[in-house]
Each structure stands twice: as structure tokens, then as C-alpha cells.
Amino acid sequence: MDSNLTQLWDTCLGIIQPQITKATFNTWFNNTGISKEEEGIIYISVPNEFAREWLMTKFNKIILKAIVDNASHVRAIEFVISRLPTQTIIPSNNLFSAPTGQPSTLPLENVYINRDDNLNPRYTFSNFVVGPFNELAYSAAQSVVKRPQHAYNPLFIYGASGLGKTHLVQAIGNEIKSSFPEKRVLYTSLEKFMSEYVSSVQNNRQQAFQDKYRKFDVLIVDDIQFIAGKEGTQNALFSIFNVLHEQNKHIIFSSDKHPNHIIGLEDRLKTRFNAGMTLDIQEPDFESRLAIIKEKSFQLQFPIENEVLSYVASAVTGSIRELEGVLNVITMHSNLKEKPISLAEVKVLIKNNVRPKKIISIDTVVKLVSDYYNLDERVIYEKTRRKEIVRARQIIMFVLREDFNESYPSIGAKLGGKDHTTVIHSYEKIKGELVNDPHLMKELEDIRILFK
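If you count the sequence shown from 1, you need to add 290 to reach our numbering.
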């Protein structure tokens, strides 16, 4: 490995270590290093799959900042699974302890993302767990890969962060590549799309930018919600969308919310996003979470007792990403101890690594917010357009969703049988107003104190 890259990584480790605990540092940064640099992208080598996932989800920002602060030309980092010679990656202050047992690893070439289409080969339908929470989106994805350019164009998949949207849309791209080698596929994040657009404007290369995206048969854009309020980027996407759609080329989007509820999205784009098929992915139920964690443990070639799997599936009720993170911690601790982890130990790990869920009833939230605004809590459930009641009800809906992660349908059902789209509208309305309304922000701070 290049000595300059070794020195850069040693410097970065020296910056990162004081920001986290010694145990965390020794556990997750052991046997890591920079394997290479290409076109402003730093490739960080990690020893196994769960280390890659954990560093990518938990420490991506601080690693990137440490690298950019010492190498300003770097624009991105990627984590790849590879064993580097120990002496090339352990810093001179000898902070790391020796590794104790290594699970199986993937060959380095198998985890590189294809630079021509940006698709990650790990994201396939074969390792995508299907359950009631995502079966409609999965079914639509299957239709698209069987009849690209014909079925559900565009396909718009939305849902909260960490529920598998990226996996699903990239699986579509990988499957189309495999079944139709002649088709040109591109996956991109909205952030990257926007960065390229801004660069094209700065360098007076807008036509080259348009030509690049118009040449693909299948265009997949992830996290499209970030286009909100970006007028120039919206214009560019609108133009590309029209050309691709007129040529019967397939367009796929993912978002954390329905296109109708992306604040700052132009109506003409909302219309086009809704023109094909729009489907959501919900949070997985217990059975789905259990199936997911079993599949992930199988992928890691790491058997776990059924009682441990069941406990994790029941205790970790958030996103799939959070579920995977807990499994990574369990796997790492078991490998460090070189023996299976007990259920008692798993309970401690989950307690220390999963955000605590606030437990509070909807009725309690209604009462506390009603009292704050000097309203009789019974009026919240009534059908009325009185401004002060509508406002309080919207704030209740926002708090239930934002602070207590209640589902939209559940909130609507318990607040007088409101449709879930009404709840979504209320949530997005309050969320949007918070950006420029310090008075509302102060009210929410006061209300949140009541829940403690």
C-alpha cells in the first residue's frame, strides 16, 4: 500500500480516536486501512462484512471529515472487505489489540461497486426478505424486471429510512443487467445527481450533463426527496424525465415520503412521479423482522440460537438497518469472545446499542397537548374546522409520528378515524413550518418537556 495513504490513515485514526470510547475504537477500527485512491474516492479496507456495515452506518461522517481535513481533494469514501498486512494499517502508537478469530470474508473484487452503473452487486432479490410490510413494492419490482420499459413507469417507492428501499431499487437494476445485458442501467443518488448538475452549470456543460443521463435505458434515482426546493435541479430532472419517458425508457425513484408530501417539489414533477405506480414500504412486523435477521445471520455464516433471534426481533422494532446493526454487534462480540453469545448478554448489548423507545399512549399525548393549549381534550376527536383545534390536532399528529414513531394509519384511526393521508399532510405541514417559525419551535420544546 502507498506509504502516503498509510500516513493519511494513521493521521485520521489519531483524529477519530479521541471522539469515541477506547473499546469502540479498538473493536471497530482494528485491521482497517486505506487500500487505494481512485478519482477522489478513498477505499477503506475492513476485515469483514459486519465491520463494513457498522463503520458505514455509524462512523461514515467522522471518517470522511477526518480524511477531507487532511486531503481536501477527496470527495467520497467507500468501505471494501479485504485483509491488509497488519503492519501497514496499525498506527505507530500501537492502540489496537490483536484480533481474536476472523469470520469468513468476501474477495475484494466481489464488493466493488461498478463504476459504469453505480450498482452494488450485494443488492439482489435473492437476499431481499419479503413480508407483508413490503410485498406490494416487491411485486411491482418483479413486474418491472420482467417487462422493463413497460410495467409501472415510473415506479416510485417510498418509506422511512432503513426499510430496504435502496436494496430493492438496486436489486431491480442488477436483475435487469443480468436478464437484459444490452440495456444500459444507471443508479444514482439525488445528492450525486445534484452535484453533477451544479458542476455542469459552473463549467457550462449542461448539454453534456443532459446527454449523459438521456442515454440510459433504466435510470434509478435514490432519495429523490432531497430535490425539494432545488429549482435548477428540478428543471434538469424534468427535462431528462420527459425525454426518457417519451422514448419508453424506465425510470425508478425512491423517497422517504410520498411525492405529494415532498414540500418544495414542483407540481409538474409530482404529476410525473405519480403517473406510474407509487407504493410504500412499512416498518416490518415481528415475523418479518425474524425472517430478516435469520437471513442476515445466514449471509454472515454466523449461526445464532433461535431464542436469541426471537428476542432481537421482538426488542428491535425500528428499521431494518437498526436490526442489522444489532446483529453486527452480536456477531462481533461473539467473535471477540470466541464462543456463542448468551441471551442475557444479548439483552445487555441491545440495551446499550439501541435507542430507547419512549412508551406513551396516544390519549396521554392528546391530553398533554390539549392542556398546553387550554383546550378540552374531547374536541380533538371531533369533526371541526376551528382553527385552534385543527392546529392542536396537527401538532399532536406531528409529535406522535416524530417523537413516538406511531404509524400514520394508527394515528388517524385513534384521532377520530382520520385518513392516513390527512395525518401525513399534518405531519409535513408542521415539519415545514418549523424551519422558519421560531415561535412554533419554542411551543414544541415546551410540549416535549411535558413528556419527560
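Just so it is clear, CB atoms sit at the ideal spot from N, CA and C, and this is done for glycine as well. Fair warning: this is a prediction, and the values are worked out from it, not measured in the lab.
Using only alpha-carbon positions, find the residue among the options that is nearest to residue i.
i: residue 502; options: 579, 587, 406; result: 406
i: residue 322; options: 331, 347, 296; result: 296
i: residue 543; options: 663, 456, 308; result: 456
i: residue 421; options: 453, 320, 667; result: 453
i: residue 337; options: 622, 739, 716; result: 622
i: residue 281; options: 599, 702, 518; result: As displayed, the chain neither begins before 291 nor continues past 742, which places residue 281 out of reach and without an answer.
i: residue 419; options: 573, 324, 707; result: 573
i: residue 582; options: 614, 527, 560, 306; result: 614
i: residue 541; options: 566, 408, 673; result: 566
i: residue 353; options: 329, 310, 560; result: 310
i: residue 713; options: 680, 497, 357; result: 680
i: residue 449; options: 513, 652, 728; result: 513
i: residue 664; options: 678, 485, 480; result: 678
i: residue 569; options: 318, 443, 509, 334; result: 443
i: residue 461; options: 672, 432, 320; result: 432
i: residue 469; options: 436, 487, 597, 495; result: 436
i: residue 299; options: 344, 360, 484; result: 360
i: residue 511; options: 594, 408, 666, 425; result: 408
i: residue 347; options: 605, 693, 611; result: 611
i: residue 302; options: 504, 703, 489, 357; result: 357
Let me see if you follow: with CB-CB separation under 8 angstroms, is residue i close to chain C or not?
i: residue 509; result: This model lacks chain C altogether, as it is built from one protein chain only.
From which residue to which residue does the beta strand (DSSP E) around residue i run?
i: residue 368; result: 366–371
i: residue 479; result: 475–479
i: residue 448; result: 445–448
i: residue 712; result: Counting along the chain, residue 712 falls outside any beta strand (DSSP E), though it belongs to the alpha helix (DSSP H) covering 710–724.
i: residue 607; result: Premise fails: residue 607 is in no beta strand (DSSP E) and is neither H nor E.
i: residue 821; result: Outside the modelled stretch of the chain, which goes from 291 to 742, sits residue 821, for which no answer is possible.
Please classify residue i as buried or exposed, where buried requires at least 16 other C-beta atoms within 10 Å of its C-beta.
i: residue 577; result: exposed
i: residue 308; result: exposed
i: residue 478; result: buried
i: residue 602; result: buried
i: residue 683; result: buried
i: residue 551; result: buried
i: residue 725; result: exposed
i: residue 588; result: exposed
i: residue 430; result: buried
i: residue 547; result: buried
i: residue 416; result: exposed
i: residue 524; result: buried
i: residue 320; result: buried
i: residue 728; result: exposed
i: residue 394; result: Interpretation of residue 394 is limited by its pLDDT of 33, a score under 50 that renders its predicted location unreliable; no figure is taken from the coordinates.
i: residue 538; result: exposed
Please state whether the Cβ-Cβ distance between residue i and residue j is less than 8 angstroms.
i: residue 723; j: residue 734; result: no
i: residue 699; j: residue 715; result: no
i: residue 562; j: residue 516; result: no
i: residue 325; j: residue 372; result: yes
i: residue 349; j: residue 571; result: no
i: residue 458; j: residue 506; result: no
i: residue 434; j: residue 427; result: no
i: residue 464; j: residue 411; result: yes
i: residue 686; j: residue 659; result: yes
i: residue 272; j: residue 718; result: Because the chain is modelled from 291 through 742, residue 272 falls outside the range shown and cannot be assessed.
i: residue 696; j: residue 705; result: no
i: residue 446; j: residue 549; result: yes
i: residue 721; j: residue 688; result: yes
i: residue 331; j: residue 365; result: yes
i: residue 662; j: residue 736; result: yes
i: residue 739; j: residue 694; result: no
I need the boundaries of the alpha helix (DSSP H) containing residue i, first residue and last residue.
i: residue 682; result: 677–692
i: residue 734; result: 728–740
i: residue 583; result: 576–589
i: residue 559; result: 557–563
i: residue 655; result: 652–662
i: residue 456; result: 455–469
Less than 7 angstroms between the CB of residue i and some heavy atom of the ligand HEM, yes or no?
i: residue 523; result: Only the bare structure without any ligand can be found here, which leaves the ligand HEM out of the picture.
Going along the chain, which unbroken runs of the alpha helix (DSSP H) with 4 or more residues stay wholly within the stretch 504–549? 521–536
Extract the residue ranges of the beta strand (DSSP E) inside the stretch 302–355, only unbroken runs of 3 or more that lie entirely within it. Those beta strand (DSSP E) runs which fall completely within the stretch 302–355 and span 3+ residues are 323–328, 331–336.
Continuous alpha helix (DSSP H) assignments of at least 4 residues falling wholly in the stretch 408–443: Listed in chain order, they are 425–436.
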